[in-house]
Amino acid sequence: FCENVNPGGGCGGLGVDRVVVGAFLGGYIILYGQVQSWTPQLVTGPLGQTPPNKLTEVLWGLINSIPTLIMFFVMTFSPAFQYYHLPGMTGWLVATIVAFAIVFAVNSSIHSFLVVNYAKSDKVAVSVGFYYMSNAVGRLFGTIGSGVLYTYVGDYVGPLAGSDGTAGLAACFLAGTVSSLLAAGITTRIQGDEGTRREGLRCGRFVCVPGNKDVAEDDDEEEGGEDEAAVGVAVGVGEGEGEGKVVLP
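Numbering (UniProt numbering), first residue to last: 1 to 249.
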């Protein structure tokens with residue numbers, strides 16, 4: 001059965017008051033912000049992923065898709081949701097949303113560093129502004145898209161019960177999974193990051209992606225050549241008065 005016990009309409013939900021939902025959302029935001037600020041000390045630092053590079057974000061982008069993918073399968077096939085077992089449904093939803101908040105906060109912390117790291121020195125403000133503008137647009141489309149999925153995915157079971165909200169929410173989790181995987185795939189296309197090729201990706205004591213020491217040696221040689229060229233240009237011998245005088249930068 002699919003009973004409509006939700007103040008906002010739609011059947012198959014938990015039937016909690018809007019005040020409880022709002023309080024839970026507030027707690028989610030607080031947890032998200034705290035974990036984001038703690039990420040360098042508690043996550044990426046101990047894992048040897050500081051400063052992060054694009055491989056760090058690819059890894060955490062893939063991890064970000066795990067809670068949502070698990071929740072999609074649970075909501076679709078678990079007996080707790082098929083037979084409306086309220087404690088089981090509540091436990092799964094709360095645990096998954098909290099896990100997602102933690103992982104997504106780590107991703108957000110890495111984003112904040114990379115957008116500045118990849119920005120050109122004379123366009124940092126533009127790059128950061130574009131990042132937050134894109135962030136806001138993404139949230140807008142995410143809100144609209146999830147609303148459409150929640151409303152129209154799932155069987156319509158009558159005017160009193162409405163649509164199956166469980167199926168609609170499962171579709172939202174699946175869409176979130178696809179979005180995380182798509183973002184991770186796009187991140188692999190970032191160019192001009194010699195540091196990533198040189199450092200690779202560490203996962204604590206383990207090396208997830210080995211670095212290339214030859215890249216580091218080539219970079220050092222190029223920097224050394226540039227320094228020598230700069231000194232060669234700066235050092236000159238004058239003519240006439242002051243002949244033999246060495247001028248250094």
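Where is the CB? At the ideal position from N, CA and C, for every residue including glycine.
DSSP three-state call for residue i: helix, strand or coil?
| i | result |
| --- | --- |
| Y84 | coil |
| Y156 | strand |
| V209 | strand |
| S163 | strand |
| M201 | Reading off the sequence shown, one finds Leu at residue 201, where the question assumed Met. Residue state, collapsed to three classes: strand. |
| V35 | helix |
| T188 | coil |
| G45 | coil |
| L14 | coil |
| residue 250 | In the structure as shown, the chain begins at 1 and stops at 249. Residue 250 is therefore absent and cannot be evaluated. |
| A125 | helix |
| Y150 | helix |
| Y28 | helix |
| Y131 | helix |
Which residues in the same chain have their Cβ closer than 7 Å to the Cβ of residue i, if we skip the five residues on either side of it in sequence?
| i | result |
| --- | --- |
| G176 | T68 |
| V43 | V106 |
| L149 | G168, A171, C172 and A175 |
| I63 | V103 |
| Y28 | I97 and A101 |
For residue i, does the count of other Cβ atoms within 10 angstroms reach 16, so buried, or fall short, so exposed?
| i | result |
| --- | --- |
| C203 | exposed |
| P52 | buried |
| residue 250 | With the chain running from 1 to 249 in the structure shown, residue 250 is simply not present. |
| G26 | exposed |
| D220 | Any reading at D220 needs caution, since the residue's pLDDT is 48, under 50, leaving its predicted position unreliable; the model's value is listed next. Classification of D220: exposed, given that the 10 Å Cβ count is below 16. |
| L55 | buried |
| V35 | buried |
| V58 | buried |
| Q49 | buried |
| I86 | Here the sequence assigns Leu to residue 86, which means Ile is not the residue at that position. Looking at its Cβ environment, which holds fewer than 16 other Cβ atoms inside 10 Å, L86 is exposed. |
| T166 | buried |
Within a Cβ cutoff of 6 Å, which residues of the same chain sit near residue i, ignoring the five residues on either side of it in sequence?
| i | result |
| --- | --- |
| G211 | R198, E199 and G200 |
| F100 | P67 |
| V74 | W92 |
Would you report the Cα separation of residue i and residue j, rounded to the nearest angstrom?
| i | j | result |
| --- | --- | --- |
| T39 | L14 | 32 Å |
| R139 | M133 | 10 Å |
| V178 | S112 | 22 Å |
| M89 | I97 | 12 Å |
| P46 | Y32 | 20 Å |
| C208 | V19 | 44 Å |
| V16 | G22 | 10 Å |
| G147 | F24 | 19 Å |
| K120 | Q82 | 52 Å |
| M71 | D122 | 43 Å |
| V233 | N135 | Because V233 sits at a pLDDT of 43, beneath the cut-off of 50, its placement in the model cannot be relied upon, and the point is left open. |
| A95 | R205 | 28 Å |
| V124 | A183 | 22 Å |
| I30 | Q191 | 34 Å |
| V137 | G185 | 20 Å |
| R189 | Y84 | 44 Å |
| Y152 | Q41 | 43 Å |
Within a Cβ cutoff of 8 Å, which residues of the same chain sit near residue i, ignoring the five residues on either side of it in sequence?
| i | result |
| --- | --- |
| residue 257 | The requested residue 257 is not part of the displayed model; the chain covers only 1 to 249. |
| W60 | V103, V106, N107 and I110 |
| T187 | K54, E57, V58 and G61 |
| L181 | G61, L62 and S65 |
| G145 | A175 |
| F77 | none |
I want to check one thing, is the minimum distance from the CB of residue i to the heavy atoms of the ligand GDP below 8 Å?
| i | result |
| --- | --- |
| A95 | Questions concerning the ligand GDP fall outside what the structure shown contains, since it holds no ligand whatsoever. |
Give a yes or no on whether the minimum CB-CB distance between residue i and chain D is below 9 Å.
| i | result |
| --- | --- |
| S78 | The structure shown has no chain D; it contains just one protein chain. |
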